[in-house]
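Q:
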Amino acid sequence: MSQQSASRITPRAEDYSRWYLDVIRQGDLAEPAEVVKGAMVIKPHGFAIWEKIQRALDDMFKETGHQNAYFPLLIPESFIKKEAEHVDGFSPELAVVTHAGGKELEEPYVIRPTSETIIGHFFQRWIESYRDLPLLINQWANVMRWELRTRMFLRTSEFLWQEGHTAHANHAEAKEEVQRMLRIYARFAEEWMAMPVICGEKTASERFAGALETYSIEAMMQDGKALQAGTSHDLGQNFGKAFDVTFQNEKGESEHVWQTSWGVSTRLIGGLIMTHSDDNGLVLPPKLAPVQVAIIPILAKNCDENQIFSACDKIQEELKAEGISAVCDKRDYKPGYKYHEWEQKGAPMRIEIGPRDLEKNQVMMKGRLEQEKTPLSMDNLRGKIQAYLDKYQTMLFERAKTRREESTINIDTYDEFKNVFAGQNSRFVYAHWDGSAETEAKIKEETKATIRCIPLDQPEEPGHCMISGAPTKKRVLFAKSY
RNA sequence: CGGGGCGUAGCGCAGCCUGGUUAGCGCACUUGACUGGGGGUCAAGGGGCCGGAGGUUCAAAUCCUCUCGCCCCGACCA
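The number in this note's numbering is simply the position in the first sequence, starting from 1, with 289 added.
(1) Where DSSP assigns a beta bridge to E393, which residues make up the other side?
(2) Grouping DSSP H, G and I as helix and E and B as strand, with all else coil, what is K332?
(3) Taking its Cβ as the centre, do 16 or more other Cβ atoms sit within 10 Å of H565, making it buried, or is it exposed?
(4) Pull up the distance between the alpha-carbon of G327 and that of V399, whole angstroms please.
(5) Report the option in A508, R688, A493 and M510 whose CA atom is closest to the CA atom of E502.
(6) How many whole angstroms separate the CB atoms of G489 and E507, which I take to be in contact at a CB cut-off of 8 Å?
(7) Can you tell me whether DSSP reads I426 as helix, strand or coil?
(8) Kindly indicate which three-state DSSP category T728 falls into: helix, strand or coil?
(9) In chain order, what are the residue ranges of uninterrupted alpha helix (DSSP H) at least 4 long that sit wholly in the region 514 to 578?
(10) If you compare alpha carbons, which of Y719, Q581 and L670 is closest to E694?
(11) Within 10 angstroms of its Cβ, does M755 collect 16 or more other Cβ (buried), or is it exposed?
(12) Is F230 near G453, with beta carbons less than 8 Å apart?
(13) Could you pull out every unbroken beta strand (DSSP E) segment of at least 3 residues lying fully inside the region 340 to 370, listed in chain order?
(14) If I follow the unbroken alpha helix (DSSP H) through N699, where does it start and stop?
(15) Counting C-beta neighbours from all protein chains within 10 Å, is the total for D621 16 or more, i.e. buried, or is it exposed?
(16) Determine contact between the region 625 to 639 and the region 649 to 657, defined as no fewer than three beta-carbon pairs at a distance below 8 Å.
(17) Is A531 near the ligand MN, with its Cβ less than 7 Å from a heavy atom?
(18) Can you give the Cα-Cα distance for H410 and E323, rounded to whole angstroms?
(19) Do the region 528 to 536 and the region 434 to 442 make contact, defined as three or more Cβ pairs closer than 8 Å?
(20) Terminal residues of the continuous alpha helix (DSSP H) containing R645?
(21) For K609, which of Q675, P586 and T555 has the nearest alpha-carbon?
(22) Under the DSSP definition of a beta bridge, which residues are partnered with K655?
(23) Can you give me the C-alpha to C-alpha distance between Q451 and A515, rounded to a whole angstrom?
(24) Tell me whether the beta-carbon of I426 lies closer than 8 Å to the beta-carbon of H522.
(25) What does DSSP give as the partner residues of A720 in its beta bridges?
(26) In this structure, what does DSSP give as the bridge partners for H457?
(27) Is it the case that the region 673 to 687 contacts the region 575 to 585, given that we only count it when at least three CB pairs across the two stretches are under 8 Å?
(28) Would you identify the three-state DSSP class for N591, choosing helix, strand or coil?
(29) Would you mind working out which of E405, T455, E480 and R469 sits nearest E687, comparing C-alpha positions?
(30) Taking the C-alpha atoms as reference points, what is the distance between I331 and L318?
(31) Take every Cβ of the region 661 to 669, pair it with every Cβ of the region 451 to 471, and state whether three or more of those distances are shorter than 8 Å.
(32) Indicate the three-state DSSP secondary structure (helix, strand or coil) for C601 in the structure shown.
(33) Rounding to the nearest angstrom, what Cα-Cα distance links T520 and K590 in this structure?
(34) Suppose you measure from the CA of V616 to the CA of G316; what does that come to, to the nearest Å?
(35) Run through DSSP, which three-state label would W450 get?
(36) According to DSSP, simplified to helix, strand and coil, what is M755?
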């Protein structure tokens with residue numbers, strides 16, 4: 290096709306990083322804010338994706354008994370310092386407000402990098418009895434982490450996310466919550482984003498600052514690197530003790546609560562882009578595509594413009610009634626221009642309606658990933674379109690999963706391991722690791738590959754650490770990561 | 001923060017080394033006509049304090065200093 294020559298997107302094979310930025314620009318998702326370091330402006334088409342993500346996740350959170358609330362953006366600096374590991378983890382990347390109302394503040398505020406501390410403070414006031422537990426709260430918010438190096442959606446100084454914070458009467462219940470939310474993230478990633486993920490436990494060095502255990506979902510991007518797409522933390526009683534969040538149990542004894550926190554961010558959009566998109570631009574799963582069907586009227590010299598427009602409008606209405614989001618693109622551009630634009634914006638399908646179609650009682654349809662157009666009779670058009678979208682959603686997931694499987698390998702020797710990660714290369718590698726921080730650090734140092742997680746669903750397979758030779762029970766997942 | 005690259009019209013770039021009157025090109029934009037099934041054609045237009053601040057000079061997009069931002073590679077991280 291002639292698409293390649295007309296494309297304004299750097300091919301993946303030529304420069305993957307540039308491709309990623311080109312897709313975002315051509316897809317009209319976002320742009321660097323420039324006037325605010327490391328920040329981005331999420332444009333309407335990008336924000337529409339986020340809104341769809343929010344809606345789906347929010348429903349899942351509510352179905353599992355969580356309630357939304359909102360806590361202050363500014364956190365007293367002393368709060369951050371109450372949990373020792375938490376301070377160490379976040380101090381380097383805090384933005385601090387020292388002045389307000391024209392005066393220097395007695396105590397500076399930090400702009401929240403995450404809200405465990407301020408929420409801990411309020412949990413302390415809200416929780417008195419075991420009858421107040423579990424307390425299941427979620428917050429949709431913006432947070433700020435002053436990162437050294439930023440990339441749109443994947444790592445920006447300010448980003449949007451949701452953070453769940455829960456308090457429980459015992460550790461078992463908290464652990465259950467941690468797993469429940471991890472699995473919800475995995476389900477969302479696979480069913481909505483069509484992005485297959487590996488659920489696993491983080492090693493100590495990758496753990497959230499202040500957590501007993503961190504679990505994550507890890508997705509593979511098209512360049513073989515891993516993206517940590519969501520995390521769920523078992524905070525134990527660490528924050529409970531730091532903020533003195535206690536309750537009286539049935540026996541009248543005072544205990545510290547057991548807490549969890551879990552979050553996903555606008556980074557998911559970066560994952561969406563790098564999972565499905567191609568050299569022609571965005572490819573979006575129908576469930577998250579702001580526009581599922583782009584309707585393009587085709588006008589000719591002697592045709593009745595109104596007749597064509599009204600036929601397009603009618604189809605749009607029908608689709609809308611079916612819950613399918615369609616736009617009728619009546620702008621005064623040539624059809625070819627619109628084709629490219631909607632392809633770059635990731636619309637899963639487009640239909641064209643011109644004079645010849647009206648005569649034949651049909652439309653021309655083309656899926657985002659297809660080369661050829663196919664005629665579709667107007668009879669039960671909605672049904673056919675819905676069926677196509679459903680199939681497309683499944684196909685994207687299968688395609689991504691196949692790609693991941695093809696780039697996944699078991700490795701038993703360190704020489705082979707180093708070879709796989711040579712240069713900028715990355716894949717998903719399952720290998721045996723002896724569980725020591727030293728081995729983990731050595732591998733990272735020498736290959737840039739890290740342990741993404743200790744997979745939960747990986748079968749036991751006794752073996753020997755590829756470095757130390759020590760006996761192990763199962764393989765862990767290695768990859769370079771974003 | 002270390003190494004590298006780059007800021008000139010909305011986007012992509014040339015000009016800078018070797019200073020010189022009105023700062024160019026492609027795409028995009030505006031108006032009109034012809035067009036319209038894969039990024040149309042022709043014609044006429046609009047848009048720049050050359051990222052910012054200082055300095056050198058008769059003269060700065062160009063040379064010097066500082067600064068801000070972006071991109072790439074590291075270290076840190078959702």
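Note that beta-carbon positions come from the ideal geometry of N, C-alpha and C, so glycine has one too. Keep in mind the model is a prediction, meaning the values are calculated, not measured.
A: Here's the rundown:
(1) Locating residue 393 in the first sequence gives position 104, where the first residue counts as 1. Under DSSP, E393 forms a beta bridge with H388.
(2) Translated into positions along the first sequence, residue 332 becomes position 43. Note: K332 maps to coil in three-state DSSP.
(3) Position 276 of the first sequence holds residue 565. H565 is buried by the Cβ-count criterion.
(4) Position 38 of the first sequence, counted from the start, is the residue given in the question as residue 327. Position 110 of the first sequence, counted from the start, is the residue given in the question as residue 399. Going by the C-alpha atoms only, they are around 18 Å apart.
(5) Numbered from 1 along the first sequence, position 213 holds the residue referred to as residue 502. Nearest option by C-alpha distance: A493.
(6) As a first step, residue 489 must be located in the first sequence, where it is residue number 200. As a first step, residue 507 must be located in the first sequence, where it is residue number 218. Right, their Cβ atoms sit about 7 Å apart.
(7) Your numbering for residue 426 matches position 137 in the first sequence. Looking at I426 - three-state DSSP - the assignment turns out to be strand.
(8) One-based indexing of the first sequence puts residue 728 at position 439. Looking at T728 - three-state DSSP - the assignment turns out to be helix.
(9) With a minimum length of 4 residues, the continuous alpha helix (DSSP H) runs that stay inside the region 514 to 578 are 527 to 531 and 556 to 565.
(10) Counting from 1 along the first sequence, the entry for residue 694 is found at position 405. Minimum Cα-Cα distance from E694 among the listed residues Y719, Q581 and L670 corresponds to Y719.
(11) Translated into the one-based positions of the first sequence, residue 755 becomes position 466. Classification of M755: buried, given that the 10 Å Cβ count is 16 or more.
(12) Residue numbering for the chain in the displayed model covers 290 to 771; residue 230 lies beyond these limits and cannot be assessed.
(13) The qualifying runs are 363 to 365.
(14) Numbered from 1 along the first sequence, position 410 holds the residue referred to as residue 699. Careful: N699 lies outside any alpha helix (DSSP H), inside the beta strand (DSSP E) at T697 to N699.
(15) The residue you call residue 621 lines up with position 332 of the first sequence. D621 comes out exposed.
(16) Taking 8 Å as the limit for Cβ pairs, the verdict is that the region 649 to 657 does touch the region 625 to 639.
(17) For the ligand MN, the structure offers nothing, since it holds no ligand at all.
(18) Numbered from its first residue, the first sequence carries residue 410 at position 121. Numbered from its first residue, the first sequence carries residue 323 at position 34. Rounded to whole angstroms, H410 to E323 spans 35 Å at the Cα level.
(19) Too few Cβ pairs lie closer than 8 Å, so no.
(20) In the first sequence, the residue the question calls residue 645 occupies position 356. Looking at the DSSP string, the run of the alpha helix (DSSP H) that includes R645 is P644 to K649.
(21) Taking the first residue of the first sequence as 1, we reach residue 609 at position 320. Measuring from the Cα of K609, the nearest candidate turns out to be Q675.
(22) Position 366 of the first sequence, counted from the start, is the residue given in the question as residue 655. Beta-bridge pairing links K655 to R639.
(23) Here residue 451 refers to the residue found at position 162 when the first sequence is read from its first residue. Here residue 515 refers to the residue found at position 226 when the first sequence is read from its first residue. Roughly 21 Å separates the two Cα atoms.
(24) Sequence index remark: in the first sequence, residue 426 carries index 137 (1-based). Sequence index remark: in the first sequence, residue 522 carries index 233 (1-based). Taking 8 Å as the Cβ cut-off, I426 and H522 do not qualify as a contacting pair.
(25) As a working note, residue 720 is residue 431 in the first sequence. Answer by DSSP bridge pairing, in chain order: V765.
(26) Against the first sequence, residue 457 aligns to sequence position 168. As computed with DSSP, H457 is found in a beta bridge with W547.
(27) Segment contact: the region 575 to 585 against the region 673 to 687, three or more CB-CB distances shorter than 8 Å; contact assigned.
(28) For the purposes of this step, residue 591 is taken as the residue at position 302 of the first sequence. Coil at N591, not helix or strand.
(29) One-based indexing of the first sequence puts residue 687 at position 398. Taking only the C-alpha atoms, the option nearest E687 is E480.
(30) Here residue 331 corresponds to residue number 42 of the first sequence, with the count starting at 1. Here residue 318 corresponds to residue number 29 of the first sequence, with the count starting at 1. Going by the C-alpha atoms only, they are around 6 Å apart.
(31) The region 661 to 669 vs the region 451 to 471: no contact.
(32) Against the first sequence, residue 601 aligns to sequence position 312. Three-state result, C601: helix.
(33) Walking along the first sequence from the start, residue 520 turns up at place 231. Walking along the first sequence from the start, residue 590 turns up at place 301. Cα-Cα distance, rounded: 57 Å.
(34) In the first sequence, residue 616 corresponds to position 327, counting from 1. In the first sequence, residue 316 corresponds to position 27, counting from 1. The alpha-carbon of V616 is positioned some 16 Å away from that of G316.
(35) Indexing the first sequence from 1 puts residue 450 at position 161. The answer is strand: DSSP assigns W450 an E or B state.
(36) Residue numbering aside, residue 755 sits at position 466 when the first sequence is read from its first letter. In this structure, M755 counts as coil in the three-state DSSP scheme.
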